[in-house]
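Numbering (my numbering), first residue to last: 200 to 310.
If you want it as structure tokens, here you go:
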């Protein structure tokens with residue numbers, strides 16, 4: 200699986216969950232919910248359970264808060280707890296690349 204496929208899977212998950220809602224989706228403040236705006240039927244796993252998983256090579260938290268201008272915006276939390284905001288998928292990928300390169304240079308990562 201390549202990073203492009205990961206981004207497409209992320210889009211699919213966001214669309215199915217209805218959050219974060221795509222900026223171009225119709226929004227309304229009346230009682231009828233906008234099409235595509237829905238809550239997940241059930242929680243797949245608890246936050247604490249999710250946090251217990253660790254990647255084989257690297258672990259980071261990516262929090263997508265909005266989807267505007269055909270892109271993702273949010274917060275990147277690296278494995279050391281450092282936080283950075285990103286305004287697009289390209290910025291996010293740059294942050295991931297920088298974090299992985301840093302780990303590789305410190306000898307903590309085999310690539």
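Beta carbons: idealized from backbone N, C-alpha and C, even for Gly. Keep in mind it's a predicted model, so treat the numbers as computed, not measured.
Answer with buried or exposed for residue i, where buried requires no fewer than 16 other C-beta atoms within 10 angstroms of its C-beta.
i, result
"residue 272", "buried"
"residue 266", "buried"
"residue 291", "buried"
Within a Cβ cutoff of 7 Å, which residues of the same chain sit near residue i, ignoring the five residues on either side of it in sequence?
i, result
"residue 286", "272"
Can you give me the start and stop residues for the beta strand (DSSP E) that residue i sits inside?
i, result
"residue 262", "260 to 267"
"residue 252", "No beta strand (DSSP E) holds residue 252; DSSP gives it neither H nor E."
"residue 270", "270 to 276"
CA-CA distance, residue i and residue j?
i, j, result
"residue 236", "residue 220", "Because the pLDDT at residue 236 is just 49, under 50, the model does not fix this residue reliably, and the value given afterwards should be weighed accordingly. Distance between the alpha carbons of residue 236 and residue 220: 7 Å."
"residue 301", "residue 218", "32 Å"
"residue 310", "residue 284", "Here residue 310 scores only 42 on pLDDT, less than 50, and its place in the model is too uncertain to base an answer on."
Between residue i and residue j, which are expected to be in contact by the criterion C-beta below 8 Å, what is the C-beta distance as a whole number of angstroms?
i, j, result
"residue 278", "residue 258", "5 Å"
Tell me which residues share the same chain as residue i and place their Cβ nearer than 8 Å to its Cβ, disregarding the 5 neighbours each side in the sequence.
i, result
"residue 282", "274, 275, 276"
For residue i, which residues of its own chain have a beta-carbon under 6 Å away from its beta-carbon, when the five flanking residues on both sides are left out?
i, result
"residue 262", "273, 274"
Going by DSSP, what residue range makes up the alpha helix (DSSP H) through residue i?
i, result
"residue 213", "202 to 216"
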